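J.: Residue numbers (our numbering): 1059 to 1324. Ideal Cβ positions, reconstructed from N, Cα and C, are used throughout, including at glycine. Note that the structure is a prediction, hence the values are computed from the model and not measured.
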Amino acid sequence: MMHGVPLSFVKYHGLGNDFIVVDGPLMDPDRARRLCDRRRGIGADGVLTVLPPRTSGAAATMHIFNSDGSVAAMCGNGVRCVARHLAETRGLSGALVIDTDSGPKRCVVHRTPAGVPSAVSVEMGPAAVQGDEELRAGGETVRAVRVSMGNPHAVLFDTPTRERASAIGPLLERAVPGGVNVGFARPGPHGIDLVVWERGAGLTDACGTGACAAAVASVRAGAVKAETPVEVRLPGGALEITVGADLVRVTMRGPAARVFAGETDL
C-alpha cells in the first residue's frame, strides 16, 4: 500500500504487548515502521496483517511486522489478538486455526458470560530445544538455552529485570546470526518470572513465545513440572503455559484486549 492511502485498523494488546491489526492487503515495511512509531504514528510493537488462509480449514493467515519493519515468523501475543479479531469481526466461535510462517496454530477464544471474547488458548508447538550455548555480551559471557517456538529464543536463568534486559539484551540479540529473542527467567515453586528483550522490538511488556520458551527451558531443567499449567509472570501480566513431557507440546492461555479502532493515512 502507498503512503497516504487511508488504512482502517484496530489496536489490540496482549498484556501490554500492543499491535496494529489490519485486514490485508500486505503493506510495505516502511509503512509498518511509520505506524509503529510511538511519537509520530499510532504506536505499537508490531503490525499484524490478516490475510487469506494458506491451508485447508484455516480461518486466516497472520503476517507479522516488528516495529522496526523486520518480519517475524510467529508472535504468541499477536496470534491471540488476531484470534479475538476474527471472533469479533467474523463472528467465529469455538476452535479456529490461524496460519503463520511457523505453521498453523489452533486457537480457542474464551468468552465472558455476556459473550464478549476475552482469553484465548493457543496450541503453540512444536517447540524445539536446540541445546545450551555460551553467548558473549560485551565483556560478559552468559549461558543460554536455545529454544525455537517457530522463532528463535535464548533463555537465560538470570535476573528478570528491565534494567538487566536493557543492559545486555541488545548485545545478545545480535550475538546470534539473524538475531534472537532473549529471555531473562527465574523459575520457582510458584511459577516463572520473566522479562524479554525481543528481536526487532526491544524491551516489551510481554512476549508469548518467550513465555513458552522459558517454560520449556524450565521444564527441561527440572525447575517446573511438565503437563501442569505454569504461571509465567511478565511486566505486563501473567500467561498460563503448559509444556508436555516431550518438551514439544506447548499450550498458552492469556488475554487479548481490544483498545480502539480508527483510520490513518500515514
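By alpha-carbon positions, which one of L1214, D1157, V1234 ends up nearest to G1115?
T.: Considering only alpha carbons, the answer is D1157.
J.: What would DSSP say about N1135, mapped onto helix, strand or coil?
T.: Reduced to three states, the DSSP call for N1135 is helix.
J.: Kindly indicate which three-state DSSP category C1165 falls into: helix, strand or coil?
T.: Note: C1165 maps to strand in three-state DSSP.
J.: With distances taken Cα to Cα, identify the nearest neighbour of N1197 among L1144, V1129, A1225.
T.: Reading the sequence as shown, one finds Gly at residue 1197 and not Asn. Out of L1144, V1129, A1225, A1225 has the C-alpha closest to the C-alpha of G1197.
J.: Which residue or residues does DSSP assign as beta-bridge partners of V1180?
T.: Bridge partners of V1180: C1165, M1310.
J.: Assuming F1242 and L1252 make a contact with CB atoms under 8 Å, what is their CB distance in whole Å?
T.: Their Cβ separation, rounded to whole angstroms, is 7 Å, which keeps F1242 and L1252 in contact under 8 Å.
J.: Would you kindly report the start and end of the unbroken alpha helix (DSSP H) that includes R1278?
T.: From DSSP, the alpha helix (DSSP H) with R1278 extends over 1266-1278.
J.: For V1063, count the other beta carbons within 10 Å of its own beta carbon; 16 or more makes it buried, fewer makes it exposed. Which is it?
T.: Exposed, by the Cβ-count rule.
J.: Quick one: any contact between the stretch 1139-1157 and the stretch 1199-1216, if contact means 3 or more CB pairs under 8 Å?
T.: No, the stretch 1139-1157 does not touch the stretch 1199-1216.
J.: Can you tell me the Cα-Cα spacing of G1127 and R1091, whole angstroms?
T.: For G1127 and R1091, the distance between alpha carbons rounds to 5 Å.
J.: Which same chain residues, not among the five before or five after V1068, have their C-beta less than 7 Å away from its C-beta?
T.: The residues are V1079, H1143, R1316, A1319.
J.: According to DSSP, is V1140 part of a helix, a strand, or is it coil?
T.: Note: V1140 maps to helix in three-state DSSP.
J.: Classify D1081 as helix, strand or coil using the three-state DSSP reduction.
T.: Correct three-state label for D1081: strand.
J.: What do you reckon, are the CB atoms on G1312 and L1093 nearer than 8 Å?
T.: No, they are not a contact pair.
J.: Kindly indicate the opening and closing residues of the beta strand (DSSP E) around D1126.
T.: Premise fails: D1126 is in no beta strand (DSSP E) and is neither H nor E.
J.: Out of curiosity, what's the CA-to-CA distance linking C1133 and E1191?
T.: Taking the straight line from one Cα to the other gives about 23 Å.
J.: Tell me, please, whether the stretch 1258-1269 touches the stretch 1290-1298 by the rule of three or more beta-carbon pairs shorter than 8 Å.
T.: At 8 Å Cβ cutoff, the stretches touch.
J.: Anyone know if the C-beta pair for N1075 and A1131 falls short of 8 Å?
T.: It is not a contact, given that the beta carbons lie outside the stated cut-off.
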